[in-house]
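Q: Below: one structure in structure tokens.
Protein chains in written order, with the numbering used here: chain A, 3 to 298; chain B, 3 to 298.
Shown next, in the form of structure tokens:
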């Protein structure tokens with residue numbers, strides 16, 4: 003299984019997801035931007051705006067290679083001289099506050115030393131958390147995990163709770179999902195199956211998000227719901243810019259800024275000491291932004 | 003000159019600035035929040051919103067003390083067991099796109115070892131840069147610097163250019179100003195004069211900002227100007243959350259999140275590959291977002 007094959011499959015995955023999302027949204031189409039990296043490789047950043055459902059979103063593919071830099075050595079604790087990395091990453095910000103924000107990333111990394119690994123993650127950030135819908139989402143992820151290894155869902159769900167967390171707010175980004183990095187244990191899966199696991203997650207993405215969209219897209223909303231959505235978008239910005247290791251590493255290592263920051267919402271609001279009414283839907287959501295909830 | 007005296011003067015400076023800004027704005031008043039820090043000390047965070055001129059802003063005072071933590075040792079490279087820190091920090095976001103965003107911070111730090119230092123900075127972030135107004139602002143800062151030491155303005159202006167810089171955008175935050183940290187050279191100034199320098203900067207703040215406000219507050223604006231302001235506010239968020247060392251240190255060391263993030267604008271926007279028209283006022287501003295401009 004060559005790196006060229008994996009990169010080709012990642013690009014196909016991007017195009018498949020884009021196609022599915024265009025059908026789901028029903029208005030407009032993704033715009034494609036090809037770019038090249040000075041040190042080697044490049045990508046296609048596909049972005050979308052002002053759809054029926056998605057206000058702003060992106061599905062990015064990249065396949066880059068080159069010498070292992072000092073930043074990579076330090077941040078990724080890598081030992082090698084040449085690297086290759088490919089993956090797909092997605093963030094979608096819907097306009098309707100009842101439709102959740104969603105993120106997905108699958109990636110493959112290898113070094114000229116022969117070392118390789120896979121990583122990925124999917125997490126859901128509802129502006130308003132509904133426990134049954136969070137359960138549906140987690141059930142979908144567990145089904146895929148279970149087809150590969152009985153240990154995966156539990157392990158990767160905890161990893162997501164820890165990763166998608168804002169310590170300075172003492173809250174999770176949303177209802178979590180799964181997250182894994184640096185996975186290459188051939189006692190668990192063959193390399194082919196590790197690859198297949200990431201691709202199956204990627205293909206499940208539009209299906210899982212489609213379920214969430216269909217359940218919520220016709221839910222009426224008012225100015226109060228919009229205000230809360232904008233406040234929650236502010237927290238999304240805080241997570242991505244302060245904590246997200248992928249974003250920080252990308253910006254520090256000279257990644258393509260516009261592709262990295264396509265994850266930011268179209269707009270966000272900040273209010274000093276934002277007040278939440280007691281016994282409101284907002285306070286219920288706030289109370290559920292914590293780790294270690296068993297949604298299933 | 004005791005630390006208690008310095009803290010008292012910092013608190014007086016906060017109240018003076020608040021009073022001056024209320025007069026400048028002419029509508030509404032600052033809201034005061036007192037808070038305490040578990041490990042010792044606390045502060046008063048004074049915030050303002052929906053004024054005639056200032057849409058969102060804060061003037062924060064704090065005086066905190068306690069054991070030197072691991073984060074402080076690592077981030078501040080401190081050698082000591084107990085610290086004391088006091089200061090005033092301000093960020094104001096005006097509604098009119100022609101009025102600039104402004105930031106100021108003055109601070110004093112000491113260790114039980116007897117070591118002490120002063121720091122501070124003022125920088126201006128016009129949504130639309132006008133060179134004559136940037137020159138007026140820099141002239142005001144140079145006048146104060148020159149009263150203390152002939153070397154200060156040049157040195158601290160370069161420091162501000164370097165500090166208020168977004169490497170991932172290859173642009174400065176605005177037209178800069180001055181920035182200095184860890185200043186305690188008694189060959190340059192006595193401790194009393196270092197202190198006096200920071201206080202004079204603090205007292206000049208409402209005067210310098212008042213000049214900028216008066217020149218711009220009646221300038222008419224349209225939806226296009228608002229869109230650009232919101233885009234520039236997005237960059238302000240990026241600087242504060244990705245690069246600002248004060249913000250990062252505060253959030254990492256368990257500072258009071260709401261006081262630290264009062265610097266964020268009321269709202270901000272992000273557009274993938276934001277397009278600027280050639281030969282527009284926006285493109286002129288973009289072209290001036292660089293280091294090493296001699297505004298005087």
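The beta carbon of each residue, even a glycine, is placed where N, CA and C say it ideally should be.
1) Counting only beta-carbon atoms, is residue 270 of chain A nearer than 9 Å to chain B?
2) Based on the DSSP output, what are the partners of residue 103 of chain B in its beta bridges?
3) If you draw a straight line from the C-alpha of residue 164 of chain B to the C-alpha of residue 293 of chain B, how long is it?
4) Rounded to whole angstroms, how far is the Cβ of residue 108 of chain B from the Cβ of residue 93 of chain B, which I believe are closer than 8 Å?
5) Rounded to the nearest angstrom, what separates residue 70 of chain B and residue 114 of chain B at their Cα positions?
6) Using beta carbons (cut-off 9 Å, strictly below), is residue 274 of chain B in contact with chain A?
7) Quick one, which of A/193, A/284, A/144 has its alpha-carbon nearest residue 178 of chain A's?
8) According to the Cβ coordinates, are residue 5 of chain A and residue 112 of chain A closer than 9 Å?
9) Run through chain B and tell me which residues come within less than 8 Å of residue 122 of chain A, C-beta to C-beta.
10) Contact check, residue 146 of chain B vs residue 127 of chain B under 8 Å by CB: the rounded distance?
11) Give a yes or no on whether the C-beta atoms belonging to residue 273 of chain A and residue 51 of chain B are separated by under 9 Å.
12) Check the Cβ of residue 171 of chain A against every Cβ in chain B and list those closer than 9 Å, keeping chain order.
13) Using a Cβ-Cβ cut-off of less than 9 Å, list which residues of the segment 131-153 of chain A approach chain B; keep chain order.
14) Determine, using beta carbons only, whether residue 55 of chain B and residue 26 of chain B come nearer to each other than 9 Å.
15) Starting from residue 279 of chain A, trace the beta strand (DSSP E) in both directions and tell me its first and last residue.
16) For residue 276 of chain B and residue 125 of chain A, what's the separation of their Cα atoms in angstroms?
17) On a Cα-Cα basis, can you pick out the residue from B/83, B/96, B/58, B/167 that is closest to residue 218 of chain B?
18) Name the chain B residues whose beta carbon is nearer than 7 Å to that of residue 20 of chain A?
19) Excluding sequence positions up to five away, which residues of its chain have a Cβ less than 7 Å from the Cβ of residue 212 of chain A?
20) At the level of alpha carbons, what is the spacing between residue 265 of chain B and residue 60 of chain B?
21) Do we get a CB-CB distance below 9 Å when we pair residue 186 of chain B with the residues of chain A?
22) Quick test of your reading: residue 47 of chain B and residue 261 of chain B, contact by CB under 8 Å. State the CB separation rounded to the nearest angstrom.
23) Can you grab the Cα-Cα spacing for the pair residue 22 of chain A / residue 12 of chain A, in whole Å?
24) Under the rule that 16 or more other beta-carbon atoms within 10 Å means buried, what is residue 76 of chain A, buried or exposed?
25) Taking the alpha carbon of residue 38 of chain B as the reference point, which residue from B/258, B/267, B/227 has its own alpha carbon closest?
26) Compute the Euclidean distance between the alpha carbons of residue 278 of chain A and residue 284 of chain A, then round it to the nearest angstrom.
27) Sorted by chain position, which residues of the same chain lie with C-beta nearer than 6 Å to residue 214 of chain A's C-beta, five sequence neighbours on each side aside?
A: According to the structure data:
1) Counted from its first residue, the first chain places residue 270 of chain A at position 268. Chain B, which has a Cβ nearer than 9 Å to the Cβ of residue 270 of chain A, makes this yes.
2) Locating residue 103 of chain B in the second chain gives position 101, where the first residue counts as 1. Bridge partners of residue 103 of chain B: B/127.
3) The sequence position of residue 164 of chain B within the second chain is 162, counting from 1. The sequence position of residue 293 of chain B within the second chain is 291, counting from 1. So the alpha carbons of these two residues sit roughly 7 Å apart.
4) By one-based count along the second chain, residue 108 of chain B stands at place 106. By one-based count along the second chain, residue 93 of chain B stands at place 91. 14 Å between Cβ atoms; not a contact.
5) Numbered from 1 along the second chain, position 68 holds the residue referred to as residue 70 of chain B. Numbered from 1 along the second chain, position 112 holds the residue referred to as residue 114 of chain B. Roughly 10 Å separates the two Cα atoms.
6) Position 272 of the second chain, counted from the start, is the residue given in the question as residue 274 of chain B. With 9 Å as the cut-off, residue 274 of chain B counts as an interface residue toward chain A.
7) On the first chain, position 176 is the one that residue 178 of chain A refers to. Closest by alpha carbon: A/144.
8) Start at 1 with the first residue of the first chain, and residue 5 of chain A comes out as number 3. Start at 1 with the first residue of the first chain, and residue 112 of chain A comes out as number 110. Cβ atoms of residue 5 of chain A and residue 112 of chain A: closer than 9 Å.
9) By 1-based counting over the first chain, the position of residue 122 of chain A is 120. Those within 8 Å of residue 122 of chain A in chain B number zero; the least Cβ separation is about 23 Å.
10) Residue mapping note: residue 146 of chain B aligns to position 144 of the second chain, counting from 1. Residue mapping note: residue 127 of chain B aligns to position 125 of the second chain, counting from 1. In fact, because the Cβ distance is near 20 Å, the residues do not count as touching under 8 Å.
11) To locate residue 273 of chain A, count along the first chain from 1; it is residue 271. To locate residue 51 of chain B, count along the second chain from 1; it is residue 49. Yes, these two residues count as a Cβ contact at 9 Å.
12) Along the first chain, one-based indexing puts residue 171 of chain A at 169. Ordered by position in chain B, the residues that pass the 9 Å Cβ test against residue 171 of chain A are 259.
13) none
14) Your numbering for residue 55 of chain B matches position 53 in the second chain. Your numbering for residue 26 of chain B matches position 24 in the second chain. Contact: yes.
15) In the first chain, counting from the first residue as 1, residue 279 of chain A sits at position 277. Here residue 279 of chain A belongs to no beta strand (DSSP E), and DSSP marks it neither H nor E.
16) For the purposes of this step, residue 276 of chain B is identified with residue 274 of the second chain, where counting begins at 1. For the purposes of this step, residue 125 of chain A is identified with residue 123 of the first chain, where counting begins at 1. Approximately 27 Å, taken between the alpha carbons.
17) Start at 1 with the first residue of the second chain, and residue 218 of chain B comes out as number 216. Closest option to residue 218 of chain B, Cα to Cα, is B/96.
18) Counting from one through the first chain, the residue named residue 20 of chain A turns up at place 18. By Cβ distance, chain B contributes nothing, its closest Cβ being about 15 Å from residue 20 of chain A, past 7 Å.
19) By 1-based counting over the first chain, the position of residue 212 of chain A is 210. Here the set comprises 26.
20) In the second chain, counting from the first residue as 1, residue 265 of chain B sits at position 263. In the second chain, counting from the first residue as 1, residue 60 of chain B sits at position 58. So the two alpha carbons sit approximately 7 Å from each other.
21) Residue mapping note: residue 186 of chain B aligns to position 184 of the second chain, counting from 1. Answer no: the Cβ-Cβ gap between residue 186 of chain B and chain A never drops below 9 Å.
22) Locating residue 47 of chain B in the second chain gives position 45, counting from the first residue. Locating residue 261 of chain B in the second chain gives position 259, counting from the first residue. The Cβ separation is near 4 Å, so the contact holds.
23) Stepping through the first chain from its first residue, residue 22 of chain A is reached at position 20. Stepping through the first chain from its first residue, residue 12 of chain A is reached at position 10. If you draw a straight line from the Cα of residue 22 of chain A to the Cα of residue 12 of chain A, it is about 15 Å long.
24) Your numbering for residue 76 of chain A matches position 74 in the first chain. Residue 76 of chain A comes out exposed.
25) Taking the first residue of the second chain as 1, we reach residue 38 of chain B at position 36. Ranking B/258, B/267, B/227 by Cα distance to residue 38 of chain B puts B/258 first.
26) Position 276 of the first chain holds residue 278 of chain A. Position 282 of the first chain holds residue 284 of chain A. Taking the straight line from one Cα to the other gives about 7 Å.
27) Looking up residue 214 of chain A in the first chain gives position 212. Hits under 6 Å: 102.
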